[in-house]
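When you line the sequence shown up against our numbering, it's residues 44 to 149, in that order. Where is the CB? At the ideal position from N, CA and C, for every residue including glycine.
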Amino acid sequence: MKKISFNSQNAYSNEKAAEFVVTGVPVQCTTSAIETQYKYVDNQRTDEITGYKLWFIQKGLNPFTVKFDKKPDLPEFLALVEFDNLTAIEIRSNVYFKADGLKVVK
(Lines of atoms letter the chains of each structure in order from A and count residues from 1; the text may use other names and numbers.)
(Lines give C-alpha, C1' and ligand atoms only; values in the text may rest on other atoms or scores of the structure.)
Protein backbone atom coordinates (compact mmCIF):
# COMPACT_ATOMS: atom_id res chain seq x y z
CA MET A 1 0.00 0.00 0.00
CA LYS A 2 1.35 3.42 -0.96
CA LYS A 3 1.84 5.86 1.88
CA ILE A 4 0.47 9.33 1.20
CA SER A 5 2.49 12.05 2.84
CA PHE A 6 0.98 15.43 3.62
CA ASN A 7 3.79 17.88 4.22
CA SER A 8 4.76 21.43 3.39
CA GLN A 9 5.17 20.49 -0.27
CA ASN A 10 1.39 20.14 -0.44
CA ALA A 11 0.70 23.69 0.71
CA TYR A 12 1.22 27.24 -0.50
CA SER A 13 4.61 28.61 0.56
CA ASN A 14 6.78 31.69 0.13
CA GLU A 15 9.73 29.44 -0.69
CA LYS A 16 7.95 27.91 -3.70
CA ALA A 17 7.01 31.40 -4.96
CA ALA A 18 10.66 32.49 -4.67
CA GLU A 19 11.70 29.58 -6.91
CA PHE A 20 9.76 31.14 -9.78
CA VAL A 21 9.28 34.88 -9.20
CA VAL A 22 12.66 36.55 -8.67
CA THR A 23 12.84 39.15 -5.90
CA GLY A 24 14.37 42.42 -7.10
CA VAL A 25 13.30 41.94 -10.74
CA PRO A 26 10.33 44.15 -11.71
CA VAL A 27 6.90 42.53 -12.12
CA GLN A 28 4.37 44.22 -14.40
CA CYS A 29 0.58 43.93 -14.32
CA THR A 30 -0.88 42.99 -17.72
CA THR A 31 -4.51 42.84 -16.61
CA SER A 32 -7.05 45.23 -18.08
CA ALA A 33 -10.00 43.70 -16.17
CA ILE A 34 -10.07 41.69 -12.94
CA GLU A 35 -11.22 38.07 -13.38
CA THR A 36 -13.75 37.05 -10.72
CA GLN A 37 -13.74 33.38 -9.72
CA TYR A 38 -16.92 31.68 -8.52
CA LYS A 39 -17.66 28.52 -6.58
CA TYR A 40 -19.20 25.66 -8.57
CA VAL A 41 -21.53 23.00 -7.16
CA ASP A 42 -22.54 20.05 -9.37
CA ASN A 43 -21.03 21.83 -12.39
CA GLN A 44 -23.30 24.84 -11.77
CA ARG A 45 -21.88 28.25 -10.92
CA THR A 46 -23.08 29.76 -7.66
CA ASP A 47 -23.04 33.43 -6.67
CA GLU A 48 -20.31 32.75 -4.09
CA ILE A 49 -17.04 34.45 -5.04
CA THR A 50 -13.90 32.42 -4.25
CA GLY A 51 -11.31 34.95 -5.40
CA TYR A 52 -9.98 37.34 -8.01
CA LYS A 53 -7.23 36.77 -10.60
CA LEU A 54 -4.85 39.18 -12.28
CA TRP A 55 -2.16 38.51 -14.90
CA PHE A 56 1.49 39.52 -14.51
CA ILE A 57 4.81 39.29 -16.36
CA GLN A 58 8.43 39.26 -15.27
CA LYS A 59 11.49 39.16 -17.51
CA GLY A 60 12.44 35.53 -18.10
CA LEU A 61 9.01 34.13 -17.16
CA ASN A 62 5.88 33.27 -19.08
CA PRO A 63 2.85 35.37 -18.09
CA PHE A 64 1.35 34.11 -14.82
CA THR A 65 -1.77 34.66 -12.74
CA VAL A 66 -2.02 35.51 -9.08
CA LYS A 67 -5.16 34.86 -7.06
CA PHE A 68 -6.36 37.28 -4.37
CA ASP A 69 -9.02 36.52 -1.74
CA LYS A 70 -10.01 40.19 -1.47
CA LYS A 71 -10.67 42.26 -4.58
CA PRO A 72 -7.50 44.27 -5.28
CA ASP A 73 -7.37 47.73 -6.81
CA LEU A 74 -6.56 47.31 -10.50
CA PRO A 75 -3.23 49.00 -11.34
CA GLU A 76 -2.65 50.70 -14.67
CA PHE A 77 -1.69 48.44 -17.57
CA LEU A 78 2.04 47.51 -17.36
CA ALA A 79 2.42 49.19 -13.95
CA LEU A 80 5.31 47.89 -11.84
CA VAL A 81 3.99 46.09 -8.75
CA GLU A 82 5.12 44.29 -5.61
CA PHE A 83 3.13 41.55 -3.90
CA ASP A 84 2.17 41.30 -0.24
CA ASN A 85 2.95 37.75 0.94
CA LEU A 86 3.27 36.03 -2.46
CA THR A 87 2.92 32.26 -2.07
CA ALA A 88 2.83 29.38 -4.55
CA ILE A 89 2.02 25.70 -4.80
CA GLU A 90 3.12 23.24 -7.47
CA ILE A 91 0.59 20.61 -8.52
CA ARG A 92 1.42 18.19 -11.35
CA SER A 93 4.00 20.55 -12.91
CA ASN A 94 1.61 23.53 -12.70
CA VAL A 95 2.39 26.41 -10.37
CA TYR A 96 -0.42 28.43 -8.76
CA PHE A 97 0.21 31.76 -7.04
CA LYS A 98 -1.71 33.58 -4.29
CA ALA A 99 -1.05 36.91 -2.59
CA ASP A 100 -2.64 38.95 0.17
CA GLY A 101 -2.40 42.14 -1.86
CA LEU A 102 -0.28 44.22 -4.20
CA LYS A 103 1.07 47.72 -4.40
CA VAL A 104 2.25 49.85 -7.28
CA VAL A 105 5.98 50.63 -7.25
CA LYS A 106 6.97 54.08 -8.44
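Whole-angstrom C-beta distance between Pro-115 and Gly-94, which should lie under 8 angstroms: The Cβ separation is near 10 angstroms, so there is no contact.
Other residues of its chain near Tyr-83: CB distance less than 6 angstroms, five sequence neighbours each side excluded: The beta carbon of Tyr-83 lies closer than 6 angstroms to none in the same chain, with the five residues before and after it left out.
Using CA atoms only, rank isn't needed, just tell me which of Glu-78, Leu-117, Glu-125 and Gln-71 is closest to Gly-103. Nearest C-alpha to Gly-103: Gln-71.
By how many angstroms is the C-alpha of Ala-76 removed from the C-alpha of Leu-153? In the structure displayed, the chain extends from 44 to 149; residue 153 sits before or after that span and is not available.
Rounded separation between Ala-54 and Asp-112 - CA only: 16 angstroms
DSSP three-state call for Glu-58: helix, strand or coil? helix
At least one CB of chain D closer than 8 angstroms to the CB of Thr-66: is that the case? Of the protein chains in the structure, only one exists, and it is not chain D.
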